[in-house]
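Student: In our numbering, each number is its position in the sequence shown, counted from 1, plus 20.
Note that CB positions come from ideal geometry on N, CA and C, so glycine has one too.
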Amino acid sequence: MISNITLNKFKELCPQADKNIKYAKDTFLMMLSIARNNVYSEKFSNDDGEIVFFVTNKKLADYLGKGNSQKKIDKVSKYIKMLIYHDLIRILDDDKIPKELLFKAIKYSGTDNRTGKHVNFYAVPSWVIQQLSTIENNGVRWKEKGYRIAGVSFDMFYRSEGFDVAASIYPQYKKKKNEYGEIVDRSTTKASDERTLKISEIILQCIQRKGYCTEKEVVYILGSQYKYEVTETQIKRCLNEIMDIYLLKKVKANKILKEKYHIKSNGYPNIIIEDIN
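1. Who are the near neighbours of Arg-257 in its chain, counting only those whose CB is closer than 7 Å to its CB and skipping five residues on each side?
2. May I ask you to list the residues that DSSP assigns as paired with Tyr-142?
3. Would you mind giving the Cβ-Cβ distance between Tyr-248 and Val-238, rounded to the nearest angstrom? I have them listed as a contact below 8 Å.
4. Please work out which residues of its chain come closer than 8 Å, Cβ to Cβ, to Ile-283, disregarding the five sequence neighbours upstream and downstream, and give them in chain order.
5. Within the stretch 208–272, note down every full beta strand (DSSP E) run reaching 3 residues or more, in order along the chain.
6. Have a look at Ile-117 and Gln-192 and give me their C-alpha separation to the nearest angstrom.
7. The alpha helix (DSSP H) spanning Glu-279 covers which residue range?
8. Does DSSP classify Glu-294 as helix, strand or coil?
9. What are the boundary residues of the beta strand (DSSP E) that Val-328 is part of?
10. Check whether the Cβ atoms of Ala-55 and Phe-30 lie closer than 8 Å to each other.
11. Mapping DSSP to helix, strand and coil, what is Ile-93?
12. Identify which residue in Tyr-105, Ile-100, Lys-78, Gly-182 has its Cα closest to the Cα of Ser-207.
13. With a Cβ-Cβ cutoff of 8 Å, do Lys-195 and Asp-205 count as a contact?
14. In the DSSP output, what is Val-204 paired with across the bridge?
15. Which residue comes first and which comes last in the alpha helix (DSSP H) that contains His-180?
16. What residues in its chain sit with their C-beta under 8 Å from that of Tyr-43, if we drop five residues either side in the sequence?
17. Is the distance from the Cβ of Tyr-142 to the Cβ of Ile-111 below 8 Å?
18. Near Lys-101, which residues of its chain fall below 7 Å by C-beta distance, leaving aside the five closest residues on each side in sequence?
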């Protein structure tokens, strides 16, 4: 199990991952505490010998002193997904859960259909050198993809890295029924696709007209169709996909770029431009 001394070493060995999870560390440490308090027996371990534990997002938020507001619970949930992406915590698919632990969780949640107050199952991997390398590589990729905690969702990971990555982070959410009642892989929703298309159209129009675009412009232009926060969240989920498709990049405007694009705003805003390299 991971100690505070190891966490200090973690910052040295995984600098980018450490920066990424800065605000998720309390959540991580609480999950480690829950894992430590679990029953240490083979019945509560997975095939790799990792301790398996369960907790609801609501209960975890309560342990962290965040209160019971849905907004706080959702934020904790996003932090967990960030930790899973970095492979600091692993979430288990239903068929990977030890039966004894599943029965205990069903009793704990008071339901056997596992809906609503859903109990998630996790495992903590050991921090061997190879694992630390994986964590840091994931941290670098998180940075390169420009992921932001507000955009964390199945939709964001699916659009940027495909079904397999999204499904590994949201295993209980990877399947759905289609219009024929068949169980199929989940993808993006129609509403999400429509918002993404409109966002991409605005970005391309702005770039064609003046050479660059800002996220604030997109939010403002689409303000008559969507609430600002809806567009802001969708941009965080789909911008990486849009930039990949249309060969764009997001950069911080320096003095040279401000002069080139005649940007008159104060400071040095982040802008989306063509990636001509």
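Tutor: The structure says:
1. For Arg-257, where only same-chain residues beyond five positions count, the Cβ hits under 7 Å are Gly-171, Ser-173, Asp-175, Met-176, Arg-179.
2. In the DSSP assignment, Tyr-142 forms a beta bridge with Phe-73, Ile-111.
3. Wrong, their Cβ atoms sit about 10 Å apart, outside the cutoff.
4. The answer, listed in chain order, is Tyr-232, Ala-273, Leu-277, Pro-289, Ile-291.
5. With a minimum length of 3 residues, the continuous beta strand (DSSP E) runs that stay inside the stretch 208–272 are 268–272.
6. Roughly 12 Å separates the two Cα atoms.
7. It spans 275–280 - the alpha helix (DSSP H) in which Glu-279 sits, taken as one unbroken run.
8. Glu-294 falls in the strand class under three-state DSSP.
9. In this structure the chain extends from 21 to 297, so residue 328 is not present and cannot be described.
10. The answer is no: Cβ separation not under 8 Å.
11. In the three-state reduction of the DSSP assignment, Ile-93 falls in the helix class, which pools H, G and I.
12. The option with the nearest alpha carbon to Ser-207 is Gly-182.
13. In this structure, the beta-carbon distance from Lys-195 to Asp-205 falls below 8 Å.
14. Looking at the DSSP assignment, Val-204 forms a beta bridge with Lys-196.
15. Checking the sequence, you will find Ser at residue 180 rather than His. Ser-180 -> alpha helix (DSSP H) spans 174–181.
16. Taken in chain order, the residues that qualify are Tyr-99, Ile-169.
17. Against a cut-off of 8 Å, the Cβ pair of Ile-111 and Tyr-142 comes out as a contact.
18. Residues Val-172, Ile-189 of the same chain have their beta carbon placed closer than 7 Å to that of Lys-101, with the five preceding and five following residues left out of the count.
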